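Enquirer:
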Amino acid sequence: MLSRTADNLYWIARYMERADIAARLLEVGSRISLLPGVQGYRSEWDSLLQSSGTADGFAKKYGDPVQRNIESYLFFDRDNPSSVASCITAARENARIVRTALTSQVWDALNTAFQELRQLERTPRSELELSLLTDWVMRHAAMVRGAIDATLLRNDGYNFLNIGYYLERGDNTARLMDVKYYVLLPRVDFVGSGLDNYQWATLLRAMGAQRAFHWAYGGEVTAAKIAHFLILNPQSPRSLITCVAGTNAHLARLAKAYGRATLAQSKAAAILAELETTTVDAIIDEGLHEFLSRFIGESAVLGHLMHECYLSGDVR
Amino acid sequence: MRLIVDHVTRYTYDVPVRGVVQSHRLTPSAFDGQTVLEWSVEVSDGIPGGVFRDGAGDRVQSWSVQGPVSEILVRVRGTVETVDLAGVLRGHREVAKPEVYMQETAPTRVDTALIELSKAAEGAANQLDAAHKLSDAVAEAIAYRPGATTAHTTAAEALALGEGVCQDHAHALIALARHIGIPARYVSGYLFADGDGKQHEAAHAWAELWMPGLGWVGFDPANRCCPDERYIRLGSGLDALNAAPIRGTARGQGQESLDVTVAVVAAQQ
Amino acid sequence: MTSYFNEMYQDGAVRAPYARLEDWMRTMPAEFRQMKQAEAEALFRRIGITFAVYGEGGDPDRLIPFDMFPRVFTATEWGKLERGIKQRARALNAFLVDVYGRGEIVRAGRIPARLVYQNEAYEKAVVGFVPPKGVYSHIVGIDLVRTGAEDFFVLEDNCRTPSGVSYMLENREIMMRMFPDLFRENRIQPVDSYSDRLRRTLASVAPAKCRGEPTVVLLTPGHFNSAYYEHSFLADLMGVELVEGQDLFVEGEYCWMRTTEGPKRVDVIYRRIDDAFLDPLCFNPSSMLGVPGLMDVYRSGGVSICSAPGAGVADDKAVYTYVPEMVRFYLGEEPLLQNVPTWQCAKADDLKYVLDKMEELVVKEVHGSGGYGMLVGPKSSKAEVEAFRHKVMEDPDNYIAQPTLALSTTPTFVQEGIAPRHVDLRPYCLVGESIDLVPGGLTRVALKEGSLVVNSSQGGGVKDTWVLAE
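Chains as they are written, first to last, in UniProt numbering: chain A, 1 to 316; chain B, 1 to 269; chain C, 1 to 470.
Spelled out as structure tokens, the structure:
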């Protein structure tokens, strides 16, 4: 297919996933703010901005992180390229360009999200509960995803969409953990006192995974269990290994369809091989922050290779 | 006269570019005034494109170079036998009608000063006389001074400045001629510097004006003459850009710098 | 008071093609009509067929109003039109091949050299080139108006990239969906083969070097263009890639598109961008839309471009006057379709007449389109006429004038019920190895009462156009 079409599909997926994660962050933030006397409340919000990579842009525009402003910034602000509004608009515009590569159901789902967003933008903020907004995003993200899974032809375009989803999701999981990596650090002052309840709850909630976690592990929450769940557990829908395996699967389908593999396949395979053979202990030995930084870097390399090997148009 | 040409253009990019495409008008025209004995165009790592003769009779060939690339060398070498036809483009085959060359372009647009200068042709005995008078007027009004103007200077600007190079002379003459109803066009080529004491550029340009009965006739205001056996004609166009021997573009962020050397010498006979 | 030809009623009786619609119209309850109108609009919006007006800003997702009352021709009426349209399309192409070649028509003194060779739309870059099958204009959109039962006039020719055909197809689609009974009762010739025929036409002019099934692409300026919907719609119907300039590149003797599997050769480009933006090496050096080197590949026979660069010289409004002459000169036939008498302000006598009678005339810019830069004398205020008179005097070469034509009307749904509104017609003639016309076209309707301007940018709407079977 046309490289530019593949690029548009890939970015539809990345933007929708990004909108979804922005909404999840908002939800987590608002929950924490509801808790009485939470220490480090401000740093909580700040870490949310950090994890979505928007802290600098926010500081430039608003200064101190005030909840109201953060909500506007993460949801409606067009100056923030990662805001829900920016992402949904960008996803829909990418879709409009490649309308003919989508089914009417997928287009409908994206277009409806966009049209409703415009309604929301016209509604006075005082009438909009944050929980309503975040639910709205997650619902539409799921509807788009569902329309893709249910109706789209399983051709190369489908693979590019899925690779976009998996890459974005893996990257977000890693960033979210990295911002909170100190929570999982078995530091001296944590020994025997257990983890800060709010902190780990925050992390799991952001992944929409606190229940799943309990079902999967039960018992006491430990750093090692959370790290395992979010990095190495192939049952966890947002774990790094799930995302990398998904990327690999769709890259493999591309290689088969095109009759040739590229550097993207070898890179993805290398990342997966490492995750499949490592252990939580090894990761903690290396240092969680170091491990996650490395993963984020590798993931960026893979993104770059996707561009070079498929999307840039310079493929030979 | 037997002239030997060695023309090298070197493009360098500070950052490698993803690809380059060029369109060349680098083959001497076929007409009674010149016969090509030997001619070659080489492009480093270049993939030759299709060849065709355009409506004005010029042989055009495109070239492409696959990136990443940071240097491209275009080398033109050859030998041409020339004779003096007093500027007349005799025996040249082309389809384009002279009227096409009445179309104004940005660098050849007249202003009040150019219109004033075109009055030099008043009282001319005939078209040919008028053409000579205009060519002389341009030579008088614009002194030859390299570096005074750029590739983007218009005829009107060069006249206001009172200085310029062959490109400015040609543009000015074209503007004047079209203004008084004579079809005119820009010609690019080479000029043999024969040590007559005058300054020449080996890569040269002049104008051709349409003379009923004679057809296209060359005028070189820069040297106050009509092209003779020292001239090699490559191609023509509405203005310098339109007649450029090499037009090209690179894909990528790299900044391009250009280095051109042209040598035209007479063969020992 | 001018009288207008009403296509449905003549001398108090219903004309044959509309016979069955009379009943449909009379028995339709108002609520049902409103419901259907809302349904149509919802369908259009859902499909996403919208039209952005150049230079007007506003809502880029604006819909062109769709009128549900069809415009109808009998097979006999259409047969006559069809012959005239095909004749004209052939003559226009013969003219183009001629003026980029030997220029016989100019030599014969049938059209002034200046008008052709000094025309802005005359492309020096293609002089001496004969495109495959000798076709320059592959899709000829001929704008027609009707003034009587037997009287049709050509308003203008569109030889470059006439737009609007997606409306012809979508209007039909929506009518069939909403009123299936109408299609059972009336024997209406289908138009949906247009996209196949277009593809066949384009494939038929592939370069001689092309072996096997040619790869056709549709080149769009991009998704910000007001006609992007149509571009993507047509590409999809034909099953060809919709590309932008950046998706194509030139290497060696061919043009290629950038795909995820590497370069794929392109044989035919149906371009919906202007000549000036095709190739920065040849035309506008600052254009980011085009494909550098494309014209060299085109001229050396590596790729076909439809319509061929330079085709615009045939649809120039000043050249228009000479089209009947072209029919006689190239085909040795008498023109079947008439021109509207036209005054060229470039001519002193004509200019004087136009300035004198401006309040009775329609005055247009020679290179204008879309209903911009024109004056409808009888519908304009004194001040507007005066202002326009100054514009014409400043640059007479840039204007032509025509009598205000008594455009025919067809019944149209309006706020108050049904009322006659003025219409025109644009059929799309396909020229390739053979010449082809689907029975139908785009009917544009001036929705404002009394208005004669049908352009969508000026409050015009569209209708489904029926050609009945024998």
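Even glycine gets a Cβ: it sits at the ideal position worked out from N, Cα and C.
Bear in mind the structure is a predicted one, so any value in this text is a computation, not a measurement.
How should Gly417 of chain C be labelled, buried or exposed, when 16 other C-beta atoms within 10 angstroms of its C-beta is the threshold for buried?
Expert: To locate residue 417 of chain C, count along the third sequence from 1; it is residue 417. Its Cβ having fewer than 16 others within 10 Å, Gly417 of chain C is exposed.
Enquirer: For the 8 Å Cβ check, are there 3 or more pairs between the stretch 426-439 of chain C and the stretch 73-87 of chain C?
Expert: Short answer: they touch.
Enquirer: Assign Met393 of chain C to one of two classes, buried (16 or more other C-beta atoms within 10 Å of its C-beta) or exposed (fewer than that).
Expert: On the third sequence, position 393 is the one that residue 393 of chain C refers to. So Met393 of chain C counts as exposed.
Enquirer: Less than 8 Å between the CB atoms is what I'm expecting for Ile273 of chain C and Tyr167 of chain C, so what's the real figure, rounded?
Expert: The residue you call residue 273 of chain C lines up with position 273 of the third sequence. The residue you call residue 167 of chain C lines up with position 167 of the third sequence. At roughly 20 Å, the Cβ-Cβ gap does not stay under 8 Å, so Ile273 of chain C and Tyr167 of chain C are not in contact.
Enquirer: For chain C, is any of its Cβ atoms less than 9 Å away from the one on Thr108 of chain B?
Expert: Along the second sequence, read from residue 1 onward, the residue named residue 108 of chain B stands at position 108. Not an interface residue.
Enquirer: So Leu176 of chain B contacts chain C; which residues on that side make the cut at Cβ distance below 9 Å?
Expert: One-based indexing of the second sequence puts residue 176 of chain B at position 176. Within 9 Å Cβ-Cβ: nothing; Leu176 of chain B doesn't reach chain C, min ~18 Å.
Enquirer: Taking 9 Å as the threshold (beta carbon to beta carbon), is Thr154 of chain B in contact with chain C?
Expert: Position 154 of the second sequence, counted from the first residue, corresponds to residue 154 of chain B. No, its Cβ sits nowhere closer than 9 Å to a Cβ of chain C.
Enquirer: Looking at the secondary structure, which residues open and close the alpha helix (DSSP H) in which Leu21 of chain C lies?
Expert: If you number the third sequence from 1, residue 21 of chain C lands on position 21. Where Leu21 of chain C is concerned, the enclosing alpha helix (DSSP H) stretches over Ala19 to Thr27.
Enquirer: Quick one: any contact between the stretch 238-256 of chain B and the stretch 64-75 of chain B, if contact means 3 or more CB pairs under 8 Å?
Expert: A contact exists between the stretch 238-256 of chain B and the stretch 64-75 of chain B.
Enquirer: For Val303 of chain C, would you say it is in contact with chain A, using Cβ-to-Cβ distances shorter than 9 Å as the test?
Expert: Counted from its first residue, the third sequence places residue 303 of chain C at position 303. No - not a single Cβ of chain A is within 9 Å of the one on Val303 of chain C.
Enquirer: Might you give, ordered along the chain, the residues of its own chain that have their beta carbon closer than 6 Å to the beta carbon of Gly57 of chain B, omitting 5 neighbours on each side?
Expert: In the second sequence, residue 57 of chain B corresponds to position 57, counting from 1. Closer than 6 Å at the Cβ level, and outside the excluded window around Gly57 of chain B, lie His92, Arg93 and Glu94.
Enquirer: Under the three-state reduction of DSSP, which class applies to Phe95 of chain C: helix, strand or coil?
Expert: The residue given as residue 95 of chain C occupies position 95 in the third sequence. Correct three-state label for Phe95 of chain C: helix.
Enquirer: May I ask you to list the residues that DSSP assigns as paired with Thr79 of chain B?
Expert: Here residue 79 of chain B is taken as the residue at index 79 of the second sequence, counted from 1. Paired residues: B:Ile4 and B:Glu38.
Enquirer: Report the residue from B:Thr82, B:Arg10 and B:Val100 whose alpha carbon sits nearest the alpha carbon of Thr35 of chain B.
Expert: On the second sequence, position 35 is the one that residue 35 of chain B refers to. Ranking B:Thr82, B:Arg10 and B:Val100 by Cα distance to Thr35 of chain B puts B:Thr82 first.
Enquirer: Taking the alpha-carbon of Glu116 of chain A as reference, which of A:Leu130, A:Thr89, A:Lys60 and A:Gly29 has the nearest alpha-carbon?
Expert: The sequence position of residue 116 of chain A within the first sequence is 116, counting from 1. For Glu116 of chain A, the nearest C-alpha among the options comes from A:Thr89.
Enquirer: Whole angstroms are fine: how far does the CA of Ala125 of chain C sit from the CA of Pro132 of chain C?
Expert: In the third sequence, counting from the first residue as 1, residue 132 of chain C sits at position 132. In the third sequence, counting from the first residue as 1, residue 125 of chain C sits at position 125. When rounded, the distance between both Cα atoms is 17 Å.
Enquirer: Along the alpha helix (DSSP H) that carries Glu308 of chain A, what are the first and last residues, could you check?
Expert: As a first step, residue 308 of chain A must be located in the first sequence, where it is residue number 308. Element bounds for Glu308 of chain A: n/a, residue is neither H nor E.
Enquirer: Of all the residues that make up the stretch 183-216 of chain C, which are near chain B by a beta-carbon distance shorter than 7 Å?
Expert: Going along the stretch 183-216 of chain C in chain order, one finds no residue with a Cβ nearer than 7 Å to chain B.
Enquirer: For the stretch 39-72 of chain B, which residues have a beta carbon sitting closer than 8 Å to at least one beta carbon of chain C?
Expert: The residues in question are Ile47, Pro48, Gly49, Gly50, Val51, Phe52, Arg53, Asp54, Gly55, Ala56, Val60, Gln61, Ser62, Ser64 and Gln66.
Enquirer: Measure from the C-beta of Met1 of chain A to each C-beta in chain C and report whether the shortest distance is under 9 Å.
Expert: Numbered from 1 along the first sequence, position 1 holds the residue referred to as residue 1 of chain A. At least one chain C Cβ lies under 9 Å of Met1 of chain A.
Enquirer: With 16 other CB atoms within 10 Å as the buried threshold, where does Ile115 of chain B fall?
Expert: Reading the second sequence from its first residue, position 115 is the one you call residue 115 of chain B. Under this definition Ile115 of chain B is an exposed residue.
Enquirer: Do we get a CB-CB distance below 9 Å when we pair Val53 of chain C with the residues of chain B?
Expert: Counting from one through the third sequence, the residue named residue 53 of chain C turns up at place 53. Low local confidence applies: a pLDDT of 41 at Val53 of chain C is under 50, so the model's placement there is unreliable, with the coordinate-based value given in what follows. No, Val53 of chain C does not count as interfacial toward chain B.
Enquirer: Which same chain residues end up closer than 7 Å to Leu115 of chain C when comparing Cβ atoms and leaving out the 5 residues on each side of it in sequence?
Expert: Indexing the third sequence from 1 puts residue 115 of chain C at position 115. Closer than 7 Å at the Cβ level, and outside the excluded window around Leu115 of chain C, lie Ala318 and Val319.
Enquirer: Residues in the stretch 20-41 of chain B with C-beta within 8 Å of chain D's C-beta atoms, listed in sequence order?
Expert: No chain D is part of this structure, whose protein chains are labelled A, B and C.
Enquirer: Closest to His152 of chain B by C-alpha separation, out of C:Val366, C:Gln118 and C:Pro285, would be which residue?
Expert: Stepping through the second sequence from its first residue, residue 152 of chain B is reached at position 152. Ranking the options by Cα distance to His152 of chain B, first place goes to C:Pro285.
Enquirer: In three-state DSSP terms, what is Met1 of chain A?
Expert: Looking up residue 1 of chain A in the first sequence gives position 1. In the structure shown, Met1 of chain A sits in coil (DSSP, three-state: anything other than H, G, I, E or B).
Enquirer: Can you pull the chain C residues whose beta carbon is under 7 Å from the beta carbon of Thr249 of chain B, in chain order?
Expert: As a working mapping, residue 249 of chain B is identified with position 249 in the second sequence. Ordered by position in chain C, the residues that pass the 7 Å Cβ test against Thr249 of chain B are Pro280, Leu281 and Pro292.
Enquirer: Taking buried to mean at least 16 other C-beta atoms within 10 Å of its own C-beta, is Met35 of chain C buried or exposed?
Expert: Taking the first residue of the third sequence as 1, we reach residue 35 of chain C at position 35. By the 10 Å Cβ count, Met35 of chain C comes out exposed.
Enquirer: Count the C-beta pairs between the stretch 205-215 of chain B and the stretch 290-304 of chain A that are closer than 8 Å, then say yes if the count reaches three, no if not.
Expert: Because the criterion of three Cβ pairs below 8 Å is not met, the stretch 205-215 of chain B and the stretch 290-304 of chain A do not touch.
Enquirer: Compute the Euclidean distance between the alpha carbons of His250 of chain A and Ser195 of chain C, then round it to the nearest angstrom.
Expert: Counting from 1 along the first sequence, the entry for residue 250 of chain A is found at position 250. Counting from 1 along the third sequence, the entry for residue 195 of chain C is found at position 195. When rounded, the distance between both Cα atoms is 34 Å.
Enquirer: Do the stretch 211-228 of chain A and the stretch 243-263 of chain A touch if we need at least three Cβ pairs shorter than 8 Å?
Expert: With the cut-off at 8 Å, the stretch 211-228 of chain A and the stretch 243-263 of chain A do not touch.
Enquirer: Residues of the stretch 241-271 of chain C with a CB closer than 8 Å to any CB of chain B: list them in chain order, please.
Expert: If the cut-off is 8 Å between Cβ atoms, the stretch 241-271 of chain C has Phe249, Val250, Glu251, Gly252 and Glu253 near chain B.
Enquirer: Compile a chain-ordered list of the residues in the stretch 96-115 of chain C whose CB is closer than 7 Å to at least one CB of chain B.
Expert: Cβ contacts with chain B come from Gly101, Gly103, Ala113 and Arg114.
Enquirer: Quick one: Cα of Val53 of chain C to Cα of Gly460 of chain C, how far?
Expert: For the purposes of this step, residue 53 of chain C is taken as residue 53 along the third sequence, with counting starting at 1. For the purposes of this step, residue 460 of chain C is taken as residue 460 along the third sequence, with counting starting at 1. Here the model assigns Val53 of chain C a pLDDT of 41, short of 50, so the residue's position is not dependable and the matter cannot be decided.
Enquirer: Report the residue from C:Ile142, C:Ser232, C:Ala121 and C:Ser137 whose alpha carbon sits nearest the alpha carbon of Arg99 of chain A.
Expert: The residue labelled residue 99 of chain A in the question sits at position 99 within the first sequence. Comparing Cα positions, the closest option is C:Ser232.
Enquirer: I'd like to know if Ile97 of chain A contacts chain C, where contact means its C-beta is closer than 9 Å to some C-beta of that chain.
Expert: Locating residue 97 of chain A in the first sequence gives position 97, counting from the first residue. Output row for Ile97 of chain A: interface = yes.
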